[in-house]
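To convert, note that position 216 of the sequence shown is 216 in UniProt numbering; the numbers rise steadily by one, no gaps.
We put the beta carbon where it would ideally sit given N, CA and C, even for glycine.
Worksheet for the structure shown next.
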Amino acid sequence: MTLLDAFNLLFVFCCCIFLSYIFFYLNAYSVKWLACTAKDFLCAIFMTIVYILKAWFNFFYAYHKDLKNEVVLLTGASGGIGKLLAKKLVQKGCILILIDIDNFGLEEVSRTLNETFQQQVAYPFKCDISNYEEICLIKKKIVETVGNPTIIINNAGVVAGKYFLDLKPKEVQKTFEVNILAHFWVLQLFLPHMLEMNHGHIVSVASILGLDSFAGVSEYGASKAAAVNFMKSLRQELRLINKNGIHCTTVLPFHTSTDMFKGFGSRFKNFFLLKVLDPDYVAERIIDAVERNQTTLYIPKILYVIITLLSILPDNSYDVIADFFKVNHSMLTFLGKK
């Protein structure tokens, strides 16, 4: 008897033992449970293949929904990406609820849009979204003036720009209040109407630093990681209650040329695969993702490959890449938004 024959004999013997266990030792309920589990497993594999094929199809021939007459609540509306999002959304036919703590910038954005389009398309509401009581007060004014939003874009964000031991408790608290807790407060107030209508879209402008971070952005990266996982959990809860008319999009951009990260430095600022992003391009991609009902958006697209590679490579490989690009020293020249 050869080694292969012995292996085949052992395999047949194990199969016999397994089948004997099923037919002679398992009761009817256990057999039914096993059959249901096997069916669900095969269905899961089949649906995974279907969604992979669907994702590839959408990459080339994606359906774009019409945003005309949608009421969009946009936080951080006076910032770099916020202003561009506001302009592009109005061009799509949306009515805007603009929220920001910067009253001067907010009024300027709103006035410019209304004058450009010669009608009331933007409604400014000064609000500190880190303050739950203030959001509650402004919610009543929003509903009375404009109505309930059908799209919510949580775009507001702050960063302290300090290394961990240099951070003050108030700076850490403020970053988390704006970058993630405000998501909770805004959505808890406005999501119920979306659920009632089974119609809406929720967008979180997070950051690639929410997946992989570096020195000098500990509080920012942690808050963005919280935002990423908050959106994942929220999406699953919407699926759980069969609210398939409400979509979620998490945006994970690379470093964007805005005042928030002014002074950020790296070894290769114009590295051909990871250039500093133009805010106009980021805003365009965000709106395109909303029109496509895209769940996760990496900007630029090369991040899809990079994140996949980092997830399978040893942790030390990330250290080597970080050292090569000198990203751990990038916040030494940080100036931030003044």
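According to DSSP, residues forming a beta bridge with residue i
i    : result
A215 : Looking at the DSSP assignment, A215 forms no beta bridge with any residue, so it has no partner.
F46  : Answer by DSSP bridge pairing: none, since F46 is not bridged.
V72  : L96 and I151
G157 : DSSP lists no partner for G157.
K126 : D100
Residue j beta carbon less than 9 Å from that of residue i
i    : j    : result
V186 : I241 : no
N328 : F214 : yes
N155 : A77  : yes
N148 : K126 : no
I202 : L191 : yes
T295 : P279 : no
C94  : K68  : yes
V282 : I299 : yes
Y123 : L98  : yes
G336 : G263 : yes
L274 : E219 : no
V158 : M260 : yes
Three-state secondary structure assigned by DSSP to residue i
i    : result
P192 : helix
I241 : coil
T249 : strand
A77  : coil
Y318 : helix
I101 : coil
P279 : helix
V121 : coil
S207 : coil
T256 : strand
K326 : coil
T296 : strand
G336 : coil
H64  : coil
Residue environment, residue i, which counts as buried when at least 16 other CB atoms sit within 10 Å
i    : result
I246 : buried
L313 : exposed
C136 : exposed
M331 : buried
V205 : buried
Y63  : exposed
T145 : exposed
C43  : exposed
Next on the checklist: For the pair the region 165-184 and the region 223-231, tell me if three or more CB-CB distances fall below 8 Å.
Outcome noted: yes
Checklist entry - Hey, is the region 81-91 in contact with the region 109-121, meaning 3+ C-beta pairs nearer than 8 Å? => result yes
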